[in-house]
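To start, the structure itself, in structure tokens.
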Amino acid sequence: MQTIEAIKRRRSVRKYIDKPIKNEILKDIVDCGRLAPSGNNSQPWEFLVVTKHEDLDFLAKVTTYGKFLKEAGACIITFCEKNNRHHLEDGSAATENMILAATDYGIGTCWIAGYNRTYEEDIVSHFNVPQDLRMISIISLGYDDSHPYVPNKRSIDEVLHWEKF
Ligand SMILES: Cc1cc2nc3c(=O)[nH]c(=O)nc-3n(C[C@H](O)[C@H](O)[C@H](O)COP(=O)(O)O)c2cc1C
């Protein structure tokens, strides 16, 4: 799949079939995350891959809108150094790279809110995350079980401004 096709085809997927994702694919998806742009090329990220059922169940329980993590084949949590002033932008760029890479592999994903969430502390303590990191995002991953609904998107003419507003 070409990049533009992946961007245009991607939809959040919240239902998955029971099929594991190979470690080499998960590693390649994270590899696409680590190649994202970052302020001053500081690369302040760390990526945690979770595949064990009990840990996915834990994440499903603690997150507010991530109950479908229970059925996911895996999840990738992105953390960034909290003292880095671009930590949110850098971590978000890496997250989107991984989402698009997963799309290219035919794997459905959903970005689950991870920044500034009350459950960050629970996750940090459950997975022994170093204290100098902030959680940026959680991505659920799994082979697609459904045709996801098509969300309403603002049109190109509404959002594009040539030269001036
Ligand atoms: C920062 C951020 C946080 C999100 N958090 C959640 C979430 O907690 N649970 C969820 O089901 N979807 C979450 N989403 C997915 C959005 O709901 C989804 O992207 C949006 O409805 C548009 O649909 P689409 O991804 O299919 O284009 C989040 C997306 C972003 C970018």
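Position 162, counted from 1, in the sequence shown is what our numbering calls 1627; the numbers after and before it change by one each time, with no gaps.
Glycine included, C-beta positions come from ideal geometry on N, C-alpha and C.
Fair warning: this is a prediction, and the values are worked out from it, not measured in the lab.
Residues near residue i in its chain [Cβ-Cβ closer than 7 Å; skip 5 each side]
i: Cys1540; result: Val1515, Leu1521, Leu1524, Leu1534, Ile1603, Ile1604, Ser1605 and Leu1606
i: Ile1497; result: Reading off the sequence shown, one finds Cys at residue 1497, where the question assumed Ile. Only Asn1562, Met1563 and Ala1566 meet the Cβ criterion.
i: Glu1623; result: none
i: Ala1537; result: Tyr1481, Leu1521, Ser1605, Leu1606 and Gly1607
Candidates the options: closest to residue i by CA position
i: His1591; options: Val1527, Ile1490, Gly1579 and Tyr1614; result: Val1527
i: Asn1506; options: Ile1494, His1551, Leu1491 and Trp1627; result: His1551
i: Tyr1570; options: Ile1494, Glu1623 and His1518; result: Ile1494
i: Asn1549; options: Glu1470, Glu1511 and Lys1487; result: Glu1511
Short CB-CB distance (under 8 Å) between residue i and chain C
i: Ala1525; result: The displayed structure is made up of one protein chain only, and chain C is not part of it.
Beta-carbon gap between residue i and residue j smaller than 8 Å
i: Arg1475; j: Ile1564; result: yes
i: Asp1587; j: Gly1504; result: no
i: Glu1546; j: Pro1509; result: yes
i: Ile1542; j: Leu1500; result: no
Contacting residues, own chain, Cβ-Cβ under 8 Å from residue i (five flanking each side not counted)
i: Arg1582; result: Thr1528, Thr1529 and Met1600
Continuous alpha helix (DSSP H) stretch holding residue i: start and end
i: Ser1557; result: His1552 to Asp1569
i: Ala1578; result: From DSSP, Ala1578 is part of no alpha helix (DSSP H) but of the beta strand (DSSP E) over Ile1572 to Ala1578.
i: Glu1470; result: Thr1468 to Arg1474
i: Lys1493; result: Residue identity differs from the one stated: residue 1493 is Asp in this sequence, not Lys. Start and end: Asn1488 to Arg1499.
i: Asp1622; result: Ile1621 to Val1624
i: Val1589; result: Glu1585 to His1591
Host beta strand (DSSP E) of residue i (start-end)
i: Phe1544; result: Ala1539 to Glu1546
i: Phe1512; result: Trp1510 to Val1515
i: Ser1602; result: Leu1598 to Tyr1608
Count the C-beta pairs between the stretch 1608-1618 and the stretch 1555-1570 that are closer than 8 Å, then say yes if the count reaches three, no if not.
no
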